[in-house]
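Report on one structure; see the data block that follows.
In the numbering used here, the protein residues as written are 4 to 253.
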């Protein structure tokens with residue numbers, strides 16, 4: 004029988020499962036992870052969320068507190084969930100055309116989308132390819148327009164000798180399976196702004212935190228994924244899994 008393997012996700016080693024279990028009973032592992040990422044991205048403040056899209060939504064709420072403006076400029080080709088988050092935050096999405104060279108926002112088109120109502124520009128590093136001239140984009144934006152980096156697919160990507168996530172006022176990352184740094188769930192907001200970090204903390208403190216049952220179910224999910232992602236088990240389960248795959252060409 005030909006073995007199959009998932010296109011996203013990698014089996015979780017037992018050592019990682021044990022480390023994750025320790026994380027449930029001790030906050031030191033989370034603090035250590037935060038310190039490592041903070042030094043890697045060169046960001047003073049790191050806030051963890053339950054997903055990348057949650058991080059993006061919270062980041063928008065924090066920016067909204069700093070301005071009366073309502074428009075969010077983002078690429079026309081990106082994850083639809085970003086537009087959903089913009090609408091959920093009570094803001095207006097403004098879609099910008101993309102470059103066919105890297106599928107990121109076209110710089111010339113972007114400058115034409117800026118208006119007196121522009122709250123922020125979202126630079127999505129699509130497929131992990133950094134937005135070209137992102138430093139110039141930041142320079143061209145007025146001081147009252149924020150730059151938000153979506154680095155969900157770009158952890159570790161570099162441009163101009165710097166890692167993505169360190170160019171904007173805020174940056175969001177995803178740690179879901181299939182991402183560059185997968186923890187099989189979670190996201191993060193990175194910023195060097197003390198004011199934005201304080202706003203983010205206030206927003207998060209008013210959210211309902213998951214309980215023990217959720218934490219236990221999450222750990223059990225990791226164990227199941229660790230088993231399923233092994234080629235032998237994935238091959239055996241593939242006839243069932245394939246029923247939920249969309250193979251039709253759109």
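All C-beta atoms in this analysis are idealised placements derived from N, C-alpha and C, irrespective of residue type, glycine included. Since this is a predicted model, take the numbers as computed values, not measurements.
Spatial distance of residue i from residue j (CA atoms)
i, j, result
"residue 217", "residue 116", "42 Å"
"residue 190", "residue 49", "10 Å"
"residue 96", "residue 183", "27 Å"
"residue 198", "residue 235", "50 Å"
"residue 220", "residue 214", "10 Å"
"residue 188", "residue 70", "31 Å"
"residue 222", "residue 144", "43 Å"
"residue 149", "residue 228", "38 Å"
"residue 211", "residue 24", "22 Å"
"residue 151", "residue 140", "11 Å"
"residue 170", "residue 239", "45 Å"
Distance CB(residue i)-CB(residue j) smaller than 8 Å
i, j, result
"residue 110", "residue 94", "no"
"residue 176", "residue 55", "yes"
"residue 160", "residue 131", "yes"
"residue 173", "residue 62", "yes"
"residue 122", "residue 85", "no"
Per-residue DSSP class, three states only, for residue i
i, result
"residue 67", "helix"
"residue 15", "coil"
"residue 212", "coil"
"residue 240", "helix"
"residue 93", "coil"
"residue 55", "helix"
"residue 232", "coil"
"residue 50", "strand"
"residue 190", "strand"
"residue 20", "helix"
Same chain only: Cβ atoms within 8 Å of residue i, ignoring 5 sequence neighbours per side
i, result
"residue 99", "76, 77, 78, 79, 108, 109, 112, 113 and 116"
"residue 37", "49 and 51"
"residue 83", "none"
"residue 194", "46, 47, 48, 172, 173, 174, 200 and 203"
7 Å Cβ shell around residue i - same chain, five flanking residues per side excluded
i, result
"residue 64", "92 and 206"
"residue 119", "none"
Residues near residue i in its chain [Cβ-Cβ closer than 6 Å; skip 5 each side]
i, result
"residue 21", "none"
"residue 59", "88 and 175"
"residue 127", "78, 81 and 153"
"residue 155", "55 and 177"
"residue 105", "132"
Residue i CB to nearest heavy atom of the ligand ZN below 7 Å
i, result
"residue 144", "No copy of the ligand ZN appears in this structure; indeed no ligand is present at all."
Could you tell me which uninterrupted beta strand (DSSP E) segments, each at least 3 residues in length, are contained entirely in the segment 98-185, listed from first to last along the chain? 121-127, 149-153 and 173-177
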